[in-house]
Every structure is written in C-alpha cells, then in structure tokens.
Amino acid sequence: MSKHLIVIGGGAAGFFCAVNAARLNPQLKVTILEKSNKLLSKVKVSGGGRCNVTHACFEIAEMAKKYPRGGHFVKKSFHQFFTTDTIKWFEERRVQLKTEADGRMFPVTNSSQTIIDCLMREATRYGVEIRMKSEVRSLIYENGKFTIGISDSGPLTSDFVCVACGGYPKSSMFDWLRELGHSIEEPVPSLFTFNIPNHPITRLMGVSVEKAKVKVVHSKLADEGPLLITHWGFSGPAVLRLSAWGARELATKNWQFAIVVNWLPEHNEQSLQEKFRQLRFEIASTKMTNRNSFGLPQRLWEFLIEHSGVKSETRWADLPAKEQNRLIKNLCACEFAIKGKTTYKEEFVTSGGVVLSEIDPNTMMSKKIPNLYFAGEILDVDGITGGFNFQHAWTSGFIVADSLKG
Ligand SMILES: Cc1cc2nc3c(=O)[nH]c(=O)nc-3n(C[C@H](O)[C@H](O)[C@H](O)COP(=O)(O)OP(=O)(O)OC[C@H]3O[C@@H](n4cnc5c(N)ncnc54)[C@H](O)[C@@H]3O)c2cc1C
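For the sequence shown, position 373 matches number 1710 in the working numbering, and the numbering has no gaps at all.
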C-alpha cells in the first residue's frame, strides 16, 4: 500500500515540498490542504507582483547573514538546496530568472504568475491532490499514523505530515502545534517602516538619500543604507533592515523609541566642524541654501537649514556659531521620536514560529514526533527583504521532499 504525505498549506513551501516529494517518490500519495480558496497567494503578490524568487548570493556563509533569526539553521539547510539549486530547478522547468543590480532575482517575465504556473504544472504532472477550503484544526500522532482534523470533512489519516502553513501573527494560532509538544517562539512583526506622526520632515515625502546611518538610541541596533522619507515617516532598506534585526527588541519597546540619523555617514561632528570652517572661507559670500556642498537632496538640505533655525538668506560667512552647531548636529545626529510602525506591504514577514532546536535541519523532521516535518515561514526563520524568505521556503520544502524519497 502506498504511503501518504499530507502537506498543510498551499504556499511556496508547501507546493515546493509537494511537487518535489511526488516527483522524487512516485510511490508516495501527496495531498495539499489549503484553508483558503486561493493557492500560492503570497507568491502572487510578492515583490510587487513580480515575485522576488531568490537572491544572487552564492556563498552560504554570506547568505546566512541575511537572516536575523535562523542564520545558523539555514547555514546547514542551504548545504542541501541553495540559491544555485533554485535557479537551476526553475530553469529546468523553462522559468528563466534575471538578477537586478541589488542582487534580487525575478522571473524574466516580471510576473509572479510565471512561478505560480510552473508550480501548478508540476503539481498536475506528478498527480498532487489539492484540497482547498480545508483548514487543519488538529493533528494527532498515534501508533505511527497521523489523524488530521479538518474543517470541511471528517478527519484524514496519513503516514507523513509536512506543516507549511506560513507565519501566524497571533500566538494562539499556534495552539494546534503546541498540542503536539512543539515550543513556539512568540510571533512579532518584522519588515516594517517607522512612523513619526506630524513631524515636519514628512513634508519631504518621496525624498531619499542613498546612504544614511540610522541608529536606535539606547540600543546596539544600527544600519547604513538608502533611507526614504514618506508621508508617515521613514522607509527604505536601512529602516527595513533595522526593523528585521530589531523585530523583537522594538516589539518590547512597543515600537516607541528614538533614532538618530546621520545623513552624511562619512562625517562626524568633528569632521563637519572642519568642513564648515573650510566652506565659510571658500564660499563665504554664497547663500547657504544656494550651495549644498554635501550632495544631499536640495529639499532635505533646505529643510535641515530651516530646522536648525538658520535664516534662509544667511551667507556661509555669516552663519552664527550657535546655528552652525545646531546644523552640524542635525546633519550627523538628527534625532527623531518614532511612534509606531507601518506594515511594509511589499514584503512583510512574521518572525517567530516553531523553535529551531526542535527540528533537524538536515531532514526538516521534528525531533519530537517522527515523520512530522516543517517547511517555510512556520519555522522561526526570517530574512531581510531581497528574496531570502522565499529561498528558505524552497530550501526547507525541498529538504522535506528529499527526506521522503525512500
Ligand atoms: C506582500 C508580501 C510580499 C512578499 N514578497 C516577497 C518577495 O518578493 N520575496 C521573498 O523572499 N519573500 C517575500 N515575502 C515573504 C514570503 O511571501 C513568505 O516568506 C513566504 O510566502 C512563506 O511561504 P510559506 O509557504 O511558508 O507560507 P505562506 O506563503 O504564508 O503559505 C502558507 C499557506 O498555508 C495556509 N494555511 C495556514 N494555516 C493553515 C491551516 N491550519 N490549514 C490549512 N492551510 C493553512 C495559508 O492560507 C497559506 O496559503 C512577501 C510577503 C508578503 C506578505
């Protein structure tokens, strides 16, 4: 009698597990249970509808550094299925990927539907059964078999289960997994932007700097990179990375904290004092607002001048010492009070999930219950933006399939 694998969740990890398990082990009956009436819904909306499939990083140690949680774990799992394998896997199925300047990889069609079509084709080709509107509510392991309580019919039984149900935002949603004996790292949001309600700098929405340093006050959290001013606060890679690395710490602060922005990270207060002395001499009669010698966006330069109490007509030679000091401070250590966060709709993830010490990264099998596997965001693994979360989904899904090839 053929064995049966039930995959819980019709997302990236669940599909990758199911289609590869059915392909690698033709004896295995494979069923996906999806609670909603949509399959691969996050793949569809991901990367702004283009699906950032993976990242052009070909060093495992380098890649592992992009995961605020689970870096050690993925270092092991990537040895079995890495970015190069993802690229090859899709290429072998006629899905060509391209790399953008920042390393993100997308299908050449620029459409996430290409990825969905490929995974759906594979599912049909290898006879994967798919049941939608089928929510798993309980999972019991007894005498070597699983009994799966689902919403749309009586319980199902299976020999193997892969839990690939994504991240849950609320702790209570993990109860059916806790009942199996698994521990859960409390979920907190990751990849969000910072709110500074009613701050005058938000008038500059749309202005960005290529390299700013953002530091959280009273914390070791700091990041350097592109910073974008939005109508509600700050966004851009520097902030998103900070939100990922600081997901847990910032949650404990209830997302109320102060940041210091250095708009000119190659400078500090001392080097700016020196630079100002030089400018006062070299361009003494030039109006300060006319001459932005730091390469900052003009609107930001004018804002910082105004914000420092410098009159707009002031010439470099006439800049009073007090205003100079204030402007220098605002250029290299401009403080903002963050009051809350906004979900980054392009690519948000939940950090937290099944505790990694309870899972074997070589097989993705539970160390508590035999034949119970996990893949994707349900695990306490999350990456920064750039295709890292999908890579973990492909890797973990593939490893489960490979473990079942018999
Ligand atoms: C808007 C957005 C854009 C993103 N863009 C990118 C990107 O471009 N690149 C990238 O790397 N990452 C991106 N991410 C993150 C990435 O989508 C996720 O990390 C990835 O989808 C996780 O895959 P998964 O299969 O583990 O979970 P999911 O994709 O969340 O799939 C889980 C599935 O399980 C189902 N399910 C849940 N509970 C049950 C249950 N009890 N019974 C049955 N079914 C259940 C859910 O309905 C869902 O369909 C994005 C996320 C979002 C929200």
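Quick reminder that beta carbons are idealized off the backbone N, C-alpha and C, glycines included.
Residue span of the beta strand (DSSP E) that contains residue i, given as start and end
i     : result
M1293 : Outside the shown range of the chain (1338 to 1743) lies residue 1293, about which nothing can therefore be said.
L1342 : H1341 to I1345
A1549 : S1545 to V1553
S1383 : Where S1383 is concerned, there is no enclosing beta strand (DSSP E), although the alpha helix (DSSP H) it sits in stretches over S1378 to G1386.
7 Å Cβ shell around residue i - same chain, five flanking residues per side excluded
i     : result
M1701 : Y1710, F1711, A1712, S1733, I1736, V1737 and S1740
E1522 : G1689, G1690, V1692 and D1717
I1665 : E1606, L1609, Q1610 and F1613
F1410 : L1693, P1698 and V1718
I1620 : R1628 and W1653
R1617 : W1653, A1654 and L1656
R1663 : S1645 and G1646
Q1728 : T1391, H1392, T1420 and T1423
Identified DSSP bridge partners for residue i
i     : result
P1537 : Answer is none; P1537 lacks a bridge partner.
K1482 : E1479
I1467 : I1369
T1420 : According to DSSP, which records beta bridges pairwise, T1420 is partnered with nothing at all.
N1532 : G1570
V1432 : Bridge partners of V1432: none, in fact.
T1391 : M1442
R1406 : D1719
L1500 : Note that residue 1500 is Val in the sequence shown here, rather than Leu. Paired residues: I1345 and F1711.
S1495 : F1483
P1524 : In the DSSP output, where bridge partners are listed per residue, P1524 has none listed.
K1624 : R1652
V1473 : I1487
Beta carbon of residue i nearer than 7 Å to that of residue j
i     : j     : result
G1723 : H1392 : yes
A1358 : V1380 : no
E1639 : T1626 : yes
F1571 : L1601 : no
C1499 : V1344 : yes
T1687 : P1506 : yes
N1629 : S1645 : no
D1719 : R1462 : no
F1673 : I1596 : yes
I1487 : S1509 : no
L1637 : V1544 : yes
H1519 : E1695 : yes
D1560 : R1578 : yes
A1575 : G1583 : no
E1371 : M1469 : yes
T1539 : H1568 : yes
V1546 : L1558 : no
S1449 : S1383 : yes
K1676 : N1532 : yes
G1347 : L1376 : yes
P1444 : T1436 : no
V1525 : A1460 : no
K1340 : L1365 : yes
E1714 : G1504 : yes
L1669 : N1726 : For clarity, residue 1669 is Cys in the given sequence; the question names Leu instead. It is not a contact, given that the beta carbons lie outside the stated cut-off.
8 Å CB neighbourhood of residue i in its chain, flanking five on each side removed
i     : result
I1424 : T1391, L1434 and M1442
F1483 : I1343, L1476, I1477, T1494, S1495, D1496, F1497, V1498, N1708 and L1709
W1513 : V1473, R1474, S1475 and L1476
V1554 : F1594, A1595, I1596, V1597 and E1672
D1439 : G1723
E1428 : L1434
S1556 : G1583, E1586 and F1594
Same chain only: Cβ atoms within 6 Å of residue i, ignoring 5 sequence neighbours per side
i     : result
L1361 : A1738 and K1742
T1368 : I1343 and E1466
E1479 : none
A1581 : P1405, S1527, L1528 and I1721
W1592 : G1677 and K1678
Bounding residues of the alpha helix (DSSP H) (the contiguous stretch that carries residue i)
i     : result
T1722 : No alpha helix (DSSP H) holds T1722; DSSP gives it neither H nor E.
M1457 : S1449 to R1462
E1399 : I1397 to A1401
L1514 : D1512 to R1515
Which runs of the alpha helix (DSSP H), 4 residues or longer, sit entirely within the segment 1558-1608?
-> If we require 4 residues or more, the alpha helix (DSSP H) runs fully inside the segment 1558-1608 come out as 1574-1582 and 1584-1589.
Which runs of the beta strand (DSSP E) fall wholly inside the segment 1633-1715 and span at least 3 residues, in chain order?
-> Counting whole runs of 3 or more residues, the segment 1633-1715 contains the beta strand (DSSP E) stretches 1671-1676, 1678-1680, 1686-1691 and 1709-1711.
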